[in-house]
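There are 2 protein chains.
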Amino acid sequence: MQHYVVGVDLGGTSIKFGLVAAGEGIVYQTSLPTDAEQGPDHVVTQICNGIRLLIDAVPDLSQIEAIGIGAPGAVSWDRTSVSAPPNFPGWENLNLSKALQSGLGMNIPVVVENDANAAGLGSSFYGAGRPFDSFIMVTLGTGVGGAIIYNNQIFRGATGGAGELGHISVDYEGPLDRAGVAGAAEAYLGQRFLSRHARYQLLNRKDSLLHQMADEDLLNITPKMLHEAALAGDAGAQEVLAWAGHKLGVMLGSAINLLDIRKVIVGGGVSAAGDFILGPARDTMMRFVMPGLRDGVEIILETLGNEAGLLGAAHLAFQATLD
Amino acid sequence: MQHYVVGVDLGGTSIKFGLVAAGEGIVYQTSLPTDAEQGPDHVVTQICNGIRLLIDAVPDLSQIEAIGIGAPGAVSWDRTSVSAPPNFPGWENLNLSKALQSGLGMNIPVVVENDANAAGLGSSFYGAGRPFDSFIMVTLGTGVGGAIIYNNQIFRGATGGAGELGHISVDYEGPLDRAGVAGAAEAYLGQRFLSRHARYQLLNRKDSLLHQMADEDLLNITPKMLHEAALAGDAGAQEVLAWAGHKLGVMLGSAINLLDIRKVIVGGGVSAAGDFILGPARDTMMRFVMPGLRDGVEIILETLGNEAGLLGAAHLAFQATLD
């Protein structure tokens, strides 16, 4: 008998669903809007609706065996509950496992994990992380997320919150990130921070392509525009991305010194800028890793894209069926 | 039958030896000079001599069952060999396990671990770390060492080198530490760095007690003097220690964000300065830990002193007898 689980990636704007067959990967996927502003009950209903869509879409499917969910916010140690996910108004603490079991009327395991951790696990079993037992995952997006994969498992720390690479400080007098940490990596690499830095850097560089691309309003600059301008040879855009890559390198150097995990996998939307960020990050990182730990240190670009989180969640669901 | 092991703490100037009985702790201890400048063969002979002294000193001792050694430098994953310990001339890579088995003519397990990791394990089973399954250990001495104790075991990373807290950077444009890492915690808190900072800070503060204590030559300043002057109310000495504590706090904030391990145990000679360093470290640390991870964060002073490394090594020896 083929074994099926559902992987869910709960995001601030959309929820992605994948029906995953053991040994085959995603056999069917769909997505629904999160409508987070309508509150947690509505989000739970949306998740249940999406899962039912998957089940209905595969006629010969007798049963799914477990559900795995990657969610933003703090996840409880027992992987059932989610606290205060950012940008989910009214969501304090919710036992998502119970809510889904009840909403679906299915008494199967429902495993919840932090979304960055789920993406790390997805990379480990389906993505760029496959060759490595242990690696550091960094996700460059709105914020800077992270996960530590150690011996093919998520390193969760004492309470389940490990891997907050974006809040490692590279300069105790640096700019504050959203959490109020001075000089945190996110305060340079997070989308809004990177765009803001670009705005100031390019203000007096009228020759930069970014002025045209942003319709003469630098408030419109996005990391995607920076990447496109850099590809087109724009020196200003290249310098801004290199500046961000430098901070990424410092942070990764510190993380490697602490963990002695020498492979780094970088994913997330901003990582599309590729070597414009990762080149300077590599150079800087090597200078910040202590000499005795430098052998084999490497930064690798994740290729899975948005499916990493969904596949990692599905992997946790498969594990739960074995417990 | 009582079970005995030997714990060894291999230092740059002296080697400490402890005969440890299961459930009783250290029943006899001694030390010998390392004479590291005479080369690795001589150091191995010294270790063998010390172990024989312990065995001879306890007349009714029939047999020791294993030996554990904490050593500086990089230790191999299988815990047998030590590479390039700092300040041990001519020592490249040596299988210390085999060398001791052969030198002593005893076919018993000999387990080698990095000295900072051994001290962390000692704290975990015999020191301030006893109440906690997981904690971060920082050792403030000549350098800044560290260990991650996770679920009562050493977190070793991918190759055995994890826990290098002293080389986490808190300022990418800061001063270089001995490994060449800019703004590394050790470049503020390591003994020579701290003394140098004190020298410059106090140069034009003729009212500081340190001028007298150092016989009017600030090159003589030691961390111990700074502590004594601070205790006597010297504002300059207090400010220097607070400056160092601030950097310790930034580094620990980053480490906690990455690991979600919320207990920090601080040992080593410089930690004797206690709250003059740890007070400012606590304040700063809380500002650098992201809000969601702040509950229960705590810095605790290690009380074991020099015995931590020896006891941790003995613990590894006991574990080896069970393998």
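Protein chains in written order, with this note's numbering: chain P, 1 to 323; chain Z, 324 to 646.
Think of the CB as a built atom: it goes at the ideal place given N, C-alpha and C, for glycine as much as any other residue.
Predicted, not measured: the structure shown is a model, and the values here were computed from it.
- Between A481/Z and G632/Z, the alpha-carbon positions lie close to 22 Å from each other.
- Beta-bridge annotation (DSSP): K206/P is not paired with any residue.
- Excluding five sequence positions before and after H246/P, the CB atoms of its chain that fall closer than 6 Å to its own CB belong to P280, T284, given in chain order.
- Between the region 99-106 of chain P and the region 116-128 of chain P there are fewer than three inter-stretch CB-CB distances shorter than 8 Å, so the stretches are not counted as touching.
- The count of Cβ pairs closer than 8 Å, one atom from the region 74-88 of chain P and one from the region 21-28 of chain P, stays below three, leaving the stretches out of contact.
- By the neighbour-count criterion, in which a residue is buried when 16 or more other Cβ atoms sit within 10 angstroms of its Cβ, T34/P is buried.
- In this structure, the CA atom of A565/Z is about 19 Å from the CA atom of H534/Z.
- For F17/P, the enclosing beta strand (DSSP E) begins and ends at 14-21.
- Identification of chain P residues near I491/Z by a Cβ-Cβ cut-off of 7 Å yields S254, N257, L258, ordered along the chain.
- For Q352/Z, the enclosing beta strand (DSSP E) has its first and last residue at 348-356.
- By DSSP's assignment, T159/P forms no beta bridge with any residue.
- In terms of Cα proximity to G39/P, the closest of E92/P, D207/P, G174/P is E92/P.
- The Cβ neighbour count for L627/Z, taken over all protein chains shown within 10 Å, is at least 16; the residue is labelled buried.
- What T159/P touches in chain Z, judged by beta-carbon distance under 7 Å, is D583, going in chain order.
- Burial check for Y327/Z: the Cβ neighbour count within 10 Å reaches 16 or more, so the residue is buried.
- Counting the other CB atoms within 10 Å of its CB gives D332/Z a total of 16 or more, which places it among the buried residues.
- Closer than 8 Å to the CB of D401/Z there is not a single CB belonging to chain P.
- Pairing G296/P with V264/P, the inter-Cα distance amounts to about 11 Å.
- In the three-state reduction of the DSSP assignment, Q46/P falls in the helix class, which pools H, G and I.
- For the pair G141/P and H42/P, the Cα-to-Cα distance works out to about 26 Å.
- Among the residues facing chain P, M613/Z is included, as its CB has a counterpart in that chain under 8 Å away.
- Assigned with DSSP and collapsed to three states, I579/Z falls in helix.
- Sixteen is the threshold: since fewer than 16 other Cβ atoms of the shown chains lie within 10 Å of the Cβ of R375/Z, the residue is exposed.
- Per DSSP, reduced to three states, the secondary structure at L624/Z is strand.
- Taking the Cβ atoms as the reference, L248/P lies roughly 7 Å from I277/P, within the contact range of under 8 Å.
- The beta-carbon of E487/Z is placed less than 8 Å from the nearest beta-carbon of chain P.
- About 17 Å separates the beta carbons of A244/P and L176/P, which is beyond the 8 Å limit, so they are not a contact pair.
- The beta carbons of V504/Z and M574/Z sit no closer together than 8 Å.
- What D438/Z touches in chain P, judged by beta-carbon distance under 7 Å, is nothing: the nearest beta carbon there is about 14 Å away.
- A74/P reaches chain Z at G615, counting residues in chain order whose Cβ is nearer than 8 Å.
- Residues of chain Z with a Cβ closer than 8 Å to the Cβ of S134/P are, in chain order, G480, A481.
- N437/Z sits away from A507/Z, with the two beta carbons spaced by 8 Å or more.
- Under a criterion of Cβ atoms nearer than 8 Å, no residue of chain Z is adjacent to Y188/P; the nearest Cβ is some 10 Å distant.
- Rounded to whole angstroms, the gap between the alpha carbons of Q352/Z and E388/Z is 17 Å.
- At a cut-off of 8 Å between C-beta atoms, A631/Z does not count as an interface residue with respect to chain P.
- With respect to chain P, the C-beta atom of V587/Z has no partner C-beta closer than 8 Å.
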